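A short write-up of the structure that comes next.
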Amino acid sequence: MSATGKQIALTPPQVASSKGGNPLVCLTAYSTPMARIADRHCDIVLVGDSVGMVVHGLESTLGVTLDMMILHGQAVRRGLERSLMVVDMPFGSYEESPQQAFRNASRVMRETGCGAVKLEGGQSMAETIRFLVARGIPVMAHVGLTPQAVNAFGGYVVQGRGEDGKRVLLDAQAVADAGAFSVVLEKVPDTLGRQITEQVSIPTIGIGASAACDGQILVVDDMLGMFDAFRPKFVKRYAELGEMADEAVAAYAREVRNRSFPGQEHVFGDAMPKQVREPSS
Ligand code: KIV
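Heads up: the sequence shown at position 208 corresponds to 208 in the working numbering, and the numbers run straight through without jumps.
Have a look at this one:
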């Protein structure tokens, strides 16, 4: 809380200094209502480019645009008071050069009010991360399975098994050295997730990584059971909202067809109300 009693959002330096402390609770959100719920329980809310798949029905995150990220970022911002808001840089908006990354990341920050951006890539993105951080843009990095490179990987396959573990470790070290304040580790073996967490100086945020990570993140639609296109092993479903929604819509359709909805309690009488208090009465 500030001296004026106004809640202050968690900052990237506070996240960085939480290394080795209490686990960071992170979740994605794409809308104001979901952001309000996440804000009550989470430290970091990510407007992930997974929005393309779980909200817009795209086959991968590759079709997500900067405008989509900004629109969802603005919606999420309205629902947050205390969590750190991070917005994903979509495919093609940052890889060309540090200058391109700065131009687009500064637009994301200006137009959404987020506290940081996230971008995918390790050693190859270190120069860009350094450039952004030096110009006041906090960066969360993302290594291991980076979904924007799904075609290059040949699918959503576990990264860093055996000898390949060195590459992922070097990626995590490179983004930490470049000034990222935290790093998402996606779909790597448990032992590698633990090793990277021990060896890099910034908090690791695992998704399909290891319980030893400094924090965990899930895609909100996955953990609420609202996305069924595929179910990665690392997703724990904490609810089955998709099933509940299906049952509710089926009940509505049944009641409309058999004319039991709307009931008397949902329709208006002829009589004028005695005292008009609300426009809807
Ligand atoms: O886009 C996203 O939701 C992400 C998380 C899976 C970390 O990048």
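For glycine and all other residues, C-beta sits at the position ideal for the given N, C-alpha and C. Computed from a prediction, not measured in an experiment: that's the story for all the values here.
Per-residue DSSP class, three states only, for residue i
| i | result |
| --- | --- |
| Gly269 | coil |
| His41 | helix |
| Ser106 | helix |
| Gln123 | helix |
| Ala116 | strand |
| Glu95 | coil |
| Val15 | helix |
| Leu192 | helix |
| Glu81 | coil |
| Val256 | helix |
CA nearest to the CA of residue i, picked from the options
| i | options | result |
| --- | --- | --- |
| Arg77 | Ala212, Leu241, Ala29, Ser260 | Ala29 |
| Val184 | Gly52, Val86, Leu66, Ala75 | Val86 |
| His72 | Glu111, Pro98, Asp39 | Glu111 |
| Gln216 | Thr204, Leu224, Asp222, Asp177 | Thr204 |
| Ala149 | Ser97, Gly63, Ala239 | Gly63 |
| Ala229 | Thr191, Arg135, Met53 | Met53 |
Residue i to residue j span [Cα, whole Å]
| i | j | result |
| --- | --- | --- |
| Thr32 | Ile202 | 29 Å |
| Met226 | Arg167 | 34 Å |
| Ala174 | Gly242 | 40 Å |
| Gly154 | Gln123 | 20 Å |
| Leu58 | Arg254 | 31 Å |
| Ile70 | Gln100 | 16 Å |
| Arg194 | His142 | 16 Å |
| Pro262 | Tyr252 | 10 Å |
| Ser60 | Pro90 | 11 Å |
| Pro273 | Phe234 | 56 Å |
| Gln264 | Glu247 | 23 Å |
| Pro23 | Tyr94 | 29 Å |
| Gly136 | Asp88 | 17 Å |
| Met140 | Leu169 | 16 Å |
| Ala172 | Pro232 | 23 Å |
| Arg237 | Asp221 | 9 Å |
| Val200 | Gln159 | 18 Å |
| Asn104 | Ala134 | 15 Å |
| Val15 | Gly206 | 15 Å |
| Cys213 | Tyr156 | 21 Å |
| Leu192 | Leu46 | 24 Å |
Check: residue i C-beta below 7 Å from any heavy atom of the ligand KIV
| i | result |
| --- | --- |
| Val219 | yes |
| Thr28 | yes |
| Leu145 | no |
| Ile207 | yes |
| Val184 | yes |
| His41 | no |
| Ser31 | no |
| Asp49 | yes |
| Leu71 | no |
| His142 | yes |
| Asp171 | no |
| Asp214 | no |
| Leu46 | yes |
| Asp67 | no |
Contact with chain D by residue i, beta-carbon distance below 8 Å
| i | result |
| --- | --- |
| Met69 | Judged by its chain identifiers, the structure shown contains no chain D, having just a single protein chain. |
**Request:** Give, in chain order, every unbroken run of the beta strand (DSSP E) that is at least 3 residues long and sits entirely within the stretch 127 to 182.
**Result:** 139 to 144
I'd like the ranges of any alpha helix (DSSP H) spanning at least 4 consecutive residues and lying wholly in the stretch 19 to 77. List check, alpha helix (DSSP H) in window: 32 to 41, 51 to 54, 66 to 77.
Ignoring anything shorter than 3 residues or poking outside the stretch 203 to 250, list the beta strand (DSSP E) runs there in chain order. 204 to 207, 215 to 218
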